Every structure is written in C-alpha cells, then in structure tokens.
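Just so you know, the protein sequences line up as chains A and B, in that order.
Per the numbering used here, the very first residue in the first sequence carries number 1356; after that it's consecutive.
Per the numbering used here, the very first residue in the second sequence carries number 1356; after that it's consecutive.
Every residue gets a Cβ at the ideal spot worked out from N, C-alpha and C, and that includes glycine.
On a predicted model such as this, the values are computed, not experimentally measured, just so you know.
These notes are about the structure you will find just below.
There are 2 protein chains.
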Amino acid sequence: MTDVTESETLQPARQGGESNGATRERNEREILEAAERVFAQYGYRGASVQAIAEAAGLPKSNVLYYMGNKRGLYVRLLERMMARWNALLDDISVEDDPAEVLEAFIRSKMQLSRRHPEGSRLFAAEILGGAPFLQDYLRGELREWVQTRARVFEQWEERGLMDPVDPVWLIFLIWSATQHYADFETQVLGITGKDEISDDDVERITQFLTRVILKGCGVKPASAMPG
Amino acid sequence: MTDVTESETLQPARQGGESNGATRERNEREILEAAERVFAQYGYRGASVQAIAEAAGLPKSNVLYYMGNKRGLYVRLLERMMARWNALLDDISVEDDPAEVLEAFIRSKMQLSRRHPEGSRLFAAEILGGAPFLQDYLRGELREWVQTRARVFEQWEERGLMDPVDPVWLIFLIWSATQHYADFETQVLGITGKDEISDDDVERITQFLTRVILKGCGVKPASAMPG
DNA sequence: AGTCATCCTGACCATTTGGTCAACTCGTGG
DNA sequence: CCACGAGTTGACCAAATGGTCAGGATGACT
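Shown next as structure tokens:
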C-alpha cells in the first residue's frame, strides 16, 4: 500500500475505444446491479457510494463518473423498476374473464418479485421511508393504474361475476401478499427453515394465493378449457 | 455562536433530583419514540444519532448518555416491538372456533400495525435489510410461534372446519395484508388520495380482509351469537 | 504525428458520522 | 457546608461521507 507509481496494476477493464459504448454499457450494467442490491439492503441514506463501488468491483470515482451522483443513480433505479411494474397487467377489459385476469395478475406479480427481488425491495424501502422520491409517481401514474383496474373490477361486480368488495383494497391485498415473498424473504426463510425459495415453492404459493383470493371474493375459477 | 460562558440559555428540562428516576423515565421515553420514527424512516445505517437527538429535542450527547450507543438503542426498540408481537394471539386451541380466531388474529394484527406504525415499519426495514439483528429471533421464537399456530390450523383442516391450505402460507397472507397498511401507508394514501387512514377505514379494511380470507379458505363465519 | 472522445482514478475537500470526555448544574443526605 | 449521584452538554476526535478535479491512459480519426 505504499507508492505504486507504475501503472502495472490490475488492468482497468479496457479503456479508450472498444468500439461504440460497449465499455459504458457493461460498466453501467454492473453498477446498476450492484447499486440495486446495496440500496435495497440499506436504503437510500444508509447506502454509501463506496459500498456500491466495492460491490461493483470499481473505484468510487468510476461509479461517479458514470452515474453523476448518488441521487441520480438512485432515481435511475427507481425508474427502471417503475417501468417493469407498468408493463404489468397492461390491458384488461370488462369482457375478460375475472378468474383469468386475477390469476394472471397474481402470477405475473409473483414473477416480478421473484425476477427482481432487489428492485422489489428497493421499492419497498423507498415507500417505507415515506417515498420522498416517488410521491409524484404514487399520486399520478400508479394511482391511474390502480383506478383503471378498479373500474373494471367494479363492473364485474355489477355483472355478478364477483362479490361486492372494494376493488382498491383487493388490489392492495394482492399487491401485499405477492410483495411479501420478495421483501420479507429473510423472514419467510427463517420461519420455514428453508434456505431458498424454489421455483416449486413459487408455483405452490401462486396457486395458494389464487385459490384463496378468487374464492374469497366469489370469483368462479376459470371456465376450464380456455380458447 | 461565539462564547456563551453564562448558563443563561434554555433551561435543560430539569436536572438533579426530581425524585426517583422520573427524569430518566421521561427522557428515555422521548428518545425511544423519536428513535423509532427515525429508524423506521431511514433504516439502521441511514438513521443518525444526531437526527434522533433533534427529533427528541435533546443534544446528541444526552441521547448517548441514556442509550449508550446507536446499536443498543436500536436493539432495544426491536425488543420492544418483539414483545408487542409476542402478546398477539397468545393462546388458541383446536377447540376454538376457526372463524373467531382468524378474525381476532386479523383484527389484533391490524390494530398492532395501527397503534405502532413506526415500530411496524422499523421491523419491516430490519427484515428488508436481511434482518442482521433479528436472525435468531426469526429462526427461534417467531418460528415456534408460527408453527404452534400452524398445527392448530392443520387440525381444523382435519376436522373439516376449513379447506386444506398450507397454514404457514395462510399466516403469511394475513401478516402481509395487515402489515401493508402500516408499512406502505404512504402508498395507500397516495393511491387512494386520502390524507390519513381513519378509524373507519381500519374497520372497513379489517372486515374486508376477514370476509375475503375466511371465505377464501372455506371457514364458516362465526356461529352468529357468541356466548 | 497530432487531435479527440472516452475512460480511469488517486488525491483531495468540506461535512457528517458515532462516540468520548471533562466540566458543569442541581437536589438530597449527612 | 460539603460530598455525592444524577443529569447535561459543548468541545473534541478519528473515520467515513458525497463529491470534485486534474492528470493520465488508450484507441479511432485525420
């Protein structure tokens, strides 16, 4: 750890050209992934740029070179997660089968949490802390998203396809139940004694949730043979 | 901000005697309350002793005088919350009515989250971060708690009082659904457009959850007139 | 050869961090 | 009156924080 004036240390990862922005792309990906983990674990304030840099295997300066500053990096991660969420249950209409839609919702939400557990936790941490960066999103986009779906649910109720339950609370119920397995994974593992949640577990949980929730709000299971 | 050798500043809050440990009690209460808020919002690392001190309206030194150090303060808060949780659904037996027990569980869990939203969020943040301080509790006490209840649920199933669902996942479902309204309060408010969750809302949510979950796992509503 | 854009990073900075400590103020009991 | 324990707190410290910057490396172009 004395003087190392010579540049004969670890080669950096390639500099200069490397055609196009390939270096940039690779490093940014690496940094975003590392940052998602660290932010998810410690929250915005608790996460340090240094820790993110170490997780990405890069010097702190390099992280800041690509991301500008901590805040920007964080916002970028939130936006990435919002995009993933927005793609969910994109278009449903009154004509669809409630059972199919609800099951699809539960299933895709479970998969989202499973595929991006850190992103999921990042989101949770942000909201837990009062959503300082997401206020607008919650009161805008997401609110629209929820209310659009809620309206469809209401129409199903009117047509007698499901019990008269508040659709917004139903959405929250599904949200929370599915979110739980990503956000509280540590707890789930600790209590069940497992050391990981397997694909089989996910499938079983999905079916459990689907069954209980569909039955719970009086939706008749999908009309068997679809199509 | 120059020299103020004279002690003619704000009076401290009373020093010296004040009989017994009344000062200690009052200050500790104040600090614990403030710390719960701050830790809940920022997580363990993100919270600073300085911020806690300001929230409690005391100098940082004073907080450390009472609590020793940040870690100890945090652990104390976790323990307080564990105690609250342990008191929940303390004794149930196979002889009890499933509907009544489940409703009592949902109701008391909702009230716990409502009465101690910060504690609830503190807990959530701790688990979100991988439960570095709570591993033992999760794999020990809490696991026992869950499995004891799960065994009762299983016997209910055998007696045909409810559908054959995995009782542990049922507990998680209830846990997550109720926890949601405390942990994600910001989200709930943002989406519904409310500016607070009223007692009425809590009652409605409780009834909604009770209805959907009981029906969802085939439990017959309480046999009307109790006692 | 020289220029340029991209990439890399150690040195540095002001501020904040958790924590210690000695000096202080009181009321009480001898 | 003095000693004592409880409470109070500013000054201080080493370490870590987010961020800047100058200096350099490297390959692709003219």
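So does residue i have its beta carbon nearer than 7 Å to some heavy atom of the ligand NAP?
i	result
Val1557 (chain B)	Among the components modelled here there is no ligand, and therefore nothing to report on the ligand NAP.
What are the boundary residues of the alpha helix (DSSP H) that residue i is part of?
i	result
Asn1382 (chain A)	Ala1377 to Gly1401
Ala1539 (chain A)	For the record, residue 1539 (chain A) in the displayed sequence is Phe; it is not Ala. From DSSP, Phe1539 (chain A) is part of no alpha helix (DSSP H); its letter is neither H nor E.
Val1574 (chain A)	Premise fails: Val1574 (chain A) is in no alpha helix (DSSP H) and is neither H nor E.
Asn1417 (chain A)	Lys1415 to Met1422
Glu1409 (chain B)	Val1404 to Ala1411
Measuring straight from C-alpha to C-alpha, what distance separates residue i and residue j?
i	j	result
Gly1481 (chain B)	Trp1440 (chain B)	The amino acid occupying residue 1481 (chain B) in the given sequence is Glu; Gly does not appear at that position. About 15 Å.
Val1567 (chain B)	Arg1431 (chain B)	37 Å
Ser1403 (chain B)	Cys1572 (chain A)	45 Å
Tyr1399 (chain B)	Ala1454 (chain A)	42 Å
Leu1489 (chain A)	Ile1552 (chain B)	19 Å
Ile1526 (chain A)	Ala1505 (chain A)	8 Å
Thr1565 (chain A)	Glu1509 (chain B)	20 Å
Leu1419 (chain A)	Gly1485 (chain B)	27 Å
Asp1554 (chain A)	Ser1416 (chain B)	51 Å
Gly1401 (chain A)	Ser1448 (chain B)	44 Å
Leu1467 (chain A)	Asp1538 (chain A)	12 Å
Gln1562 (chain B)	Val1520 (chain A)	10 Å
Ala1377 (chain A)	Gly1423 (chain A)	19 Å
Gly1582 (chain B)	Asp1452 (chain B)	Residue confidence is low: Gly1582 (chain B) scores 40 on pLDDT, short of 50, so the model does not pin down where it sits. No coordinate-derived value is stated.
Thr1547 (chain B)	Pro1414 (chain A)	44 Å
Tyr1429 (chain B)	Arg1462 (chain B)	28 Å
Glu1540 (chain A)	Leu1483 (chain B)	8 Å
Arg1426 (chain B)	Pro1487 (chain B)	12 Å
Phe1478 (chain A)	Ala1438 (chain A)	12 Å
Arg1384 (chain B)	Arg1435 (chain B)	12 Å
Glu1361 (chain A)	Gly1412 (chain A)	Because Glu1361 (chain A) sits at a pLDDT of 31, beneath the cut-off of 50, its placement in the model cannot be relied upon, and the point is left open.
Val1507 (chain B)	Tyr1421 (chain A)	55 Å
Val1393 (chain A)	Asp1550 (chain B)	32 Å
Arg1494 (chain A)	Trp1524 (chain A)	16 Å
Gln1396 (chain A)	Glu1513 (chain A)	44 Å
Tyr1492 (chain A)	Gln1542 (chain B)	10 Å
Trp1530 (chain A)	Met1517 (chain A)	19 Å
Tyr1536 (chain A)	Trp1511 (chain A)	29 Å
Ala1577 (chain B)	Leu1528 (chain B)	20 Å
Asp1445 (chain A)	Ala1408 (chain A)	36 Å
Lys1570 (chain A)	Gly1515 (chain A)	14 Å
Val1456 (chain A)	Val1501 (chain A)	14 Å
Leu1433 (chain B)	Ala1389 (chain B)	14 Å
Asp1556 (chain B)	Leu1497 (chain A)	21 Å
Glu1450 (chain B)	Phe1460 (chain A)	37 Å
Does the Cβ of residue i have 16 or more other Cβ atoms within 10 Å, making it buried, or fewer, making it exposed?
i	result
Thr1533 (chain B)	buried
Asn1375 (chain B)	exposed
Lys1464 (chain B)	buried
Gln1405 (chain B)	exposed
Glu1391 (chain B)	buried
Glu1499 (chain B)	exposed
Gln1366 (chain B)	The pLDDT assigned to Gln1366 (chain B) is 43, lower than 50, so where the model puts this residue is not dependable; a value taken from the coordinates is nonetheless given after this. It counts as exposed.
Asn1382 (chain A)	buried
Thr1503 (chain B)	exposed
Glu1380 (chain B)	exposed
Gly1545 (chain B)	buried
Gly1474 (chain B)	buried
Arg1470 (chain A)	exposed
Leu1387 (chain B)	buried
Glu1458 (chain A)	buried
Arg1476 (chain B)	buried
Ala1410 (chain A)	buried
Ala1442 (chain B)	exposed
Thr1357 (chain A)	Residue confidence is low: Thr1357 (chain A) scores 32 on pLDDT, short of 50, so the model does not pin down where it sits. Its coordinate-derived value is still stated next. Exposed.
Pro1522 (chain A)	buried
Lys1575 (chain B)	exposed
**Request:** Enumerate, from N- to C-terminal direction, the unbroken beta strand (DSSP E) stretches of 3 or more residues contained entirely within the region 1501–1529 of chain B.
**Result:** none
**Request:** Check distances from the C-beta atoms of the region 1443–1466 of chain A to those of chain B and list, in chain order, the residues that come in under 7 Å.
**Result:** none
**Message:** List, from N- to C-terminal side, the alpha helix (DSSP H) runs of 4 residues or more that fit wholly inside the region 1426–1495 of chain B.
**Reply:** 1453–1470 and 1472–1483
**Asked** Along the region 1506–1535 of chain B, what residues have a CB closer than 9 Å to any CB found in chain A?
**Response** Asp1518, Val1520, Asp1521, Val1523, Trp1524, Leu1525, Ile1526, Phe1527, Leu1528, Trp1530, Ser1531, Ala1532, Thr1533, Gln1534 and His1535
**Interface residues of the region 1548–1575 of chain B facing chain A [CB-CB below 9 Å]** = Gly1548, Arg1559, Ile1560, Phe1563, Leu1564, Arg1566, Val1567, Ile1568, Leu1569, Lys1570, Gly1571, Cys1572 and Gly1573
**Asked** Of all the residues that make up the region 1392–1426 of chain A, which are near chain B by a beta-carbon distance shorter than 9 Å?
**Response** Residues Ala1395, Gln1396, Tyr1397, Gly1398, Tyr1399, Arg1400, Gly1401, Ala1402 and Ser1403.
**Request:** Please name the residues in the region 1477–1488 of chain A whose beta-carbon is closer than 7 Å to at least one beta-carbon of chain B, in chain order.
**Result:** Ala1479, Ala1480, Ile1482, Leu1483, Gly1484, Gly1485 and Ala1486
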